[in-house]
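Here the structure is laid out as structure tokens; the discussion comes afterwards.
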Amino acid sequence: MLSDNRARLRGILDQERIPVLIRTADAGLRIRLPFRATNRAWLKGERRANPKWDRVRRFWTVPKAWFNLMVQQCLATFGSVYVVQPYREQEKCAPACWNALGDECQCSCMGEHHGSQGPAGRWKVVSDSFATRWGEKAVACRLIRMR
5 MLSDNRARLR GILDQERIPV LIRTADAGLR IRLPFRATNR AWLKGERRAN
55 PKWDRVRRFW TVPKAWFNLM VQQCLATFGS VYVVQPYREQ EKCAPACWNA
105 LGDECQCSCM GEHHGSQGPA GRWKVVSDSF ATRWGEKAVA CRLIRMR
């Protein structure tokens, strides 16, 4: 499954028809656009910051704060845009579930940790009725189309 996701992401990044916005945790917003001689001016518009071109990895970098504007601008010009961003799934459970004796579970873990006396992993216990932990880092990709 992981290799399927990587192959799908590689296909999205390598295609040249639909813009791709890549949100990162630390760097600015990275953008891959279909080639046009006016891309730098199109990205900059009336904004003060200058887009930076990475010749090796073939993407533009602009400030993260431009994200919503770039989505709208890409939709208006190209009709669709891919958004790639990191995420982590959040699991929710509770010590009350872990310490339960019966079989009935009404927790969001759907019984996975029921009666386990405390599941493995790094859980943050907030109260007797709520604990949470974050899953592994992953990358999500979605296609947004003009409505």
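Residue numbers for the sequence shown follow the numbering used here, so the first one is 5 and each next one is one higher. Backbone N, C-alpha and C fix where the C-beta goes; we use that ideal spot for every residue, glycine too. Given the structure is predicted, the values throughout are model-derived calculations rather than measurements.
Proximal residues to N43 (C-beta, below 6 angstroms), its chain only, five neighbours per side dropped: L37
I26 and L79 - do their beta-carbons sit closer together than 8 angstroms? Not a contact, by the Cβ cut-off of 8 angstroms.
Along the beta strand (DSSP E) that carries V75, what are the first and last residues, could you check? Premise fails: V75 lies in the alpha helix (DSSP H), F71 to F82, not in any beta strand (DSSP E).
Sufficient close CB pairs (3 or more, under 8 angstroms) joining the stretch 95-103 to the stretch 116-125: yes
Which stretch, first to last residue, makes up the beta strand (DSSP E) that contains L33? L33 to R36
To which residues of the same chain is E93 closer than 6 angstroms at the C-beta, ignoring the five residues directly before and after it? G139
When the distance is taken between beta carbons, is F71 closer than 8 angstroms to L33? yes
What three-state label does DSSP hand W57 in the structure shown? strand
Alpha-carbon spacing of L17 relative to V24, whole angstroms: 7 angstroms
What do you get for T65, buried or exposed, if any count of 16 or more other CB atoms within 10 angstroms of its CB means buried? buried
In angstroms, rounded to a whole number, what distance separates the CA positions of S112 and V129? 15 angstroms
Have a look at V60 and R137 and give me their C-alpha separation to the nearest angstrom. 37 angstroms
According to the Cβ coordinates, are A124 and A98 closer than 8 angstroms? no
Output the distance between the C-alpha atoms of K56 and W127, rounded to the nearest integer angstrom. Cα to Cα, the separation comes out at about 41 angstroms.
Assigned secondary structure, P99 (DSSP; H/G/I helix, E/B strand, else coil): helix
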